[in-house]
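Right, one structure below, let's go through it.
Here is the structure:
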């Protein structure tokens with residue numbers, strides 16, 4: 001069984017989605033140690049290819065490093081249909097990027113969400129109704145699929161809100177990047193806990 005795969009998407013893949021990718025990895029490792037890498041596959045892309053091959057934005061990298069993450073192996077990529085097809089959960093920075101994903105892969109509708117939207121709905125999920133959390137790839141995969149389905153069911157009655165979007169911090173100062181990183185952690189930390197059990 002492959003690990004449960006989570007794809008983060010933003011515009012250029014140098015600020016928001018890399019922070020989300022690496023901060024989710026930090027949250028998962030805090031709960032499961034090095035075994036987290038066998039349980040979850042976390043990656044990111046951008047809707048545009050302007051920065052393909054580039055390192056993370058320096059201000060974003062500072063946030064990741066300050067919160068215990070790793071940046072050296074990161075290189076920006078442009079979103080392609082195969083990235084979506086290989087992912088069990090797609091989290092976009094904004095509703096506009098969510099629409100981009102929908103156009104590229106219409107069959108991903110039930111597993112693609114705006115990051116803030118997913119975090120908001122996740123708080124309403126009865127985690128005790130999901131398959132049990134166990135430190136094994138097949139168990140995490142089953143729990144992840146059930147979690148995504150539960151959040152999709154909740155979304156049917158609760159449309160996205162403007163506040164679900166993550167502001168683009170590119171070109172802004174340290175404090176602005178810090179606020180965006182805090183907002184990312186408000187979703188990725190509960191997500192890691194829901195998947196891995198905490």
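In UniProt numbering, the protein residues as written are 1 to 198.
Virtual Cβ for every residue (Gly too), placed ideally from N, Cα, C.
Predicted, not measured: the structure shown is a model, and the values here were computed from it.
Apart from the five residues just before and just after residue 143, which ones in its own chain have a Cβ nearer than 7 angstroms to its Cβ? Cβ neighbours of residue 143 beyond the five flanking positions: 130, 131, 133, 195.
For the beta strand (DSSP E) that contains residue 46, what are its first and last residues? Start and end: 40-46.
DSSP has residue 9 in a bridge; who is on the other side? Checking the DSSP bridge columns, you'll see residue 9 partnered with 45, 92.
CA-CA distance, residue 156 and residue 118? For the pair residue 156 and residue 118, the Cα-to-Cα distance works out to about 12 angstroms.
What's the gap between the Cα of residue 128 and the Cα of residue 148? If I take the Cα positions, the gap works out to 14 angstroms.
Thinking residue 9 and residue 92 are a contact (beta carbons under 8 angstroms), I'd like their distance in whole angstroms, please. The distance from the Cβ of residue 9 to that of residue 92 is about 4 angstroms, consistent with a contact at the 8 angstroms cut-off.
Going by the CB atoms, is the gap between residue 25 and residue 53 shorter than 8 angstroms? No, the Cβ-Cβ distance between residue 53 and residue 25 is not below 8 angstroms.
Residue 136 to residue 39 span [Cα, whole Å]: Cα-Cα distance, rounded: 7 angstroms.
The stretch 3-21 in contact with the stretch 158-176 per 3-pair CB rule at 8 angstroms: At 8 angstroms Cβ cutoff, the stretches touch.
Would you mind giving the Cβ-Cβ distance between residue 6 and residue 88, rounded to the nearest angstrom? I have them listed as a contact below 8 angstroms. Contact flag correct, Cβ pair sits at about 7 angstroms.
Kindly list the residues whose CB is nearer than 7 angstroms to the CB of residue 101, restricted to its own chain and excluding five residues on each side of it in sequence; keep chain order. Excluding residues up to 5 positions away in sequence, 9, 84, 90, 92, 108, 112 lie with their Cβ nearer than 7 angstroms to the Cβ of residue 101 in the same chain.
On the CB-based measure, 16 or more other CB atoms within 10 Å of its CB, does residue 175 come out buried or exposed? Burial call: exposed.
Residue 110 burial status per 10 Å Cβ neighbour count (16 or more: buried): Residue 110 comes out exposed.
Would you kindly work out how many angstroms separate the C-alpha atoms of residue 23 and residue 126, rounded to a whole number? Rounded to whole angstroms, residue 23 to residue 126 spans 24 angstroms at the Cα level.
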